[in-house]
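Following this note's numbering, the numbering of the sequence shown begins with 38 at its first residue and continues without gaps.
All remarks here apply to the structure that follows.
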Amino acid sequence: YLTAMDIVRFLEIPEIKEQFKLQKSPCERTARRWLHMMEYRYGKPSKGMYINEHERDDVVEYRENVFLRLWARLQDRMMLRDRNNIPTLPKLFVLLTHDESTYYAFVHQETRWIHKSEKPTLAKKEEGSSIMVSDFCSPDLGWLRSKDG
Numbered sequence: 038y039l040t041a042m043d044i045v046r047f048l049e050i051p052e053i054k055e056q057f058k059l060q061k062s063p064c065e066r067t068a069r070r071w072l073h074m075m076e077y078r079y080g081k082p083s084k085g086m087y088i089n090e091h092e093r094d095d096v097v098e099y100r101e102n103v104f105l106r107l108w109a110r111l112q113d114r115m116m117l118r119d120r121n122n123i124p125t126l127p128k129l130f131v132l133l134t135h136d137e138s139t140y141y142a143f144v145h146q147e148t149r150w151i152h153k154s155e156k157p158t159l160a161k162k163e164e165g166s167s168i169m170v171s172d173f174c175s176p177d178l179g180w181l182r183s184k185d186g
């Protein structure tokens, strides 16, 4: 990203100084004023819109035509609960869900010079330090835990 000091350093290059007939280099404050005059503002860029992948055509197709149909076939054999949270008759299947998320450490600069014409964009997922959290849960058994932790 561009900084006011980048402009100062650029204008200190002898060939550039000569090209623009500069007696001395501008200070950082002057470079900041120039950026403001060119309609740049220093701050955090607006975040782009989040796109929910759950509504992609292929995901909807799978959910409607594979997952939900299989669920309907297995539901008769799952342990369900009534309105009072009492288990219905014992069944052959125990519902077990799995979820995982990967959290990345903050790896990009937040504040920078932004031109007024710049539009928000989605931040790319960057590789860096991360932690993956994964767990299994059952409405009947609770969180799955091994005996040794």
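C-beta atoms are modelled at their ideal positions from N, C-alpha and C, and glycine is treated no differently.
Since this is a predicted model, take the numbers as computed values, not measurements.
Express the C-alpha separation of G80 and T134 in angstroms, rounding to a whole number.
-> Position 97 of the sequence shown, counted from the start, is the residue given in the question as residue 134. Position 43 of the sequence shown, counted from the start, is the residue given in the question as residue 80. Taking the straight line joining both Cα atoms gives about 42 Å.
Straight-line CA distance for L178 to T158?
-> Locating residue 178 in the sequence shown gives position 141, counting from the first residue. Locating residue 158 in the sequence shown gives position 121, counting from the first residue. Roughly 43 Å separates the two Cα atoms.
Look at the Cβ atom of L39, then the Cβ atom of P63, and state whether they are nearer than 9 Å.
-> On the sequence shown, position 2 is the one that residue 39 refers to. On the sequence shown, position 26 is the one that residue 63 refers to. No, the pair does not count as a contact, with Cβ atoms beyond the cut-off.
Can you list, in chain order, the residues of its chain whose CB lies under 7 Å from that of T139, leaving out five sequence neighbours each side?
-> The residue given as residue 139 occupies position 102 in the sequence shown. Result list for T139: S167, M169, in chain order.
Host alpha helix (DSSP H) of Y99 (start-end) = One-based indexing of the sequence shown puts residue 99 at position 62. Following the DSSP letters along the chain, one finds Y99 inside the alpha helix (DSSP H) bounded by residues 94-99.
In terms of residue numbering, what span does the alpha helix (DSSP H) encompassing E137 cover?
-> Within the sequence shown, the letter at position 100 stands for residue 137. First-last for E137: 134-141, but that is the beta strand (DSSP E), not the alpha helix (DSSP H).
Ends of the alpha helix (DSSP H) at I151?
-> Translated into the one-based positions of the sequence shown, residue 151 becomes position 114. Unbroken run through I151 is the beta strand (DSSP E), 149-152; no alpha helix (DSSP H).
When the Cα of E155 is compared with those of Y77, W108, L59, which residue comes out closest?
-> The count along the sequence shown starts at 1 and reaches residue 155 at position 118. Of the candidates Y77, W108, L59, the one whose C-alpha sits nearest the C-alpha of E155 is Y77.
For I168, which of helix, strand or coil comes out of DSSP?
-> Residue 168 sits at position 131 when you count from the first residue of the sequence shown. In the structure shown, I168 sits in a strand (DSSP, three-state: E or B).
If you run the structure through DSSP and keep just helix, strand and coil, what is M115?
-> Here residue 115 is taken as the residue at index 78 of the sequence shown, counted from 1. Assigned with DSSP and collapsed to three states, M115 falls in strand.
Where in the region 38-82 do unbroken runs of the alpha helix (DSSP H), each at least 4 residues long, occur, reported from the N-terminal end onward?
-> 41-48, 51-56, 65-74
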